[in-house]
Structure formats: C-alpha cells, structure tokens
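This is the structure:
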C-alpha cells in the first residue's frame, strides 16, 4: 500500500479508535485470545513509547503474529501506521507555521531531507510549498 493510501485510511479514524479496534482481532483460528485494548497502550503505540516487540509481548503475540493481525485489521503494518501518523502531525505543525527543520526533528525524522522526501511522496508537495499555502507572511 502506498503512503497516500495509508494516510487516507489512517485519517478516516482517530489513532486511539483505530488501535482500540485491535481488541476485536483474534490471534488465529486455534486460539480465542484477543488483543488487549487499553487507552494507555494505545497512547504508547501512537507516541512510539514502545517498540513493536514490546507491544506484541504485552498483547500475548509473537512479533510476526502481531504484525499480521494488525495488517489484517488495518491494511497496513504498524510501522506504516506510525509513519502516516507522524506525517499527519507534521502537516498540522506546518499549517501552524512551524519551521521545517523543527517539524522534522519533532517528528523524529532522520533529517530534513528524509522528512521532505516522505512528505512529498505522501502529499504531492514539499513541506515548504505546503506550509506557504497556509501561512500568511
């Protein structure tokens, strides 16, 4: 799934609702164990306080099992979901007029160039062009 499709899909529901929906997934046909869905865990996933291995372990899944279940539910991997969420947050910061370098740093991109490539791929415009469309000089 390409990044713009991922962003549209993630944007359709709030991050906390999307992650809480994981609770309805089944581990597999042999097991009736469900994902745990707590607000605290959802916030940790969205805020990247836990890595995928830790999240999977807390929910009683192997890492691969968690990724498969997440993909079945949301049509994307947890990493793609996190990237889409970071880009949406970056977009709102750019609308407020924040400096591009500050946004790249705040959203934990490797550097401004890396952020710019991913942003352009997702939204079809550079961060500078996007920001200038919303910020009045």
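Numbering (UniProt numbering), first residue to last: 1 to 137. Think of the CB as a built atom: it goes at the ideal place given N, C-alpha and C, for glycine as much as any other residue.
{"Check": "Whole-angstrom distance between residue 96 and residue 126, CA atom to CA atom", "Outcome": "16 Å"}
{"Check": "Three or more C-beta pairs below 8 Å linking the region 98-112 and the region 70-79", "Outcome": "no"}
{"Check": "Residue 91 beta carbon less than 9 Å from that of residue 119", "Outcome": "yes"}
{"Check": "DSSP three-state assignment for residue 59, whether helix, strand or coil", "Outcome": "coil"}
{"Check": "C-alpha gap between residue 82 and residue 133, whole angstroms", "Outcome": "25 Å"}
{"Check": "Coil, strand or helix - residue 124 by DSSP", "Outcome": "coil"}
{"Check": "Cβ neighbours of residue 52 in the same chain (closer than 8 Å, five flanking residues each side left out)", "Outcome": "63, 66, 67, 78 and 79"}
{"Check": "Proximity of residue 94 and residue 131 at Cβ, strictly below 9 Å", "Outcome": "yes"}
{"Check": "Pair within 9 Å by beta-carbon distance, residue 84 and residue 110", "Outcome": "no"}
{"Check": "Classification of residue 105 by the beta-carbon crowding that lies within 10 angstroms, buried from 16 upward", "Outcome": "exposed"}
{"Check": "Inter-residue Cα distance where the pair is residue 55 and residue 89", "Outcome": "22 Å"}
{"Check": "Interface flag, residue 84 vs chain B, CB-CB below 9 Å", "Outcome": "Of the protein chains in this structure there is only one, and it is not chain B."}
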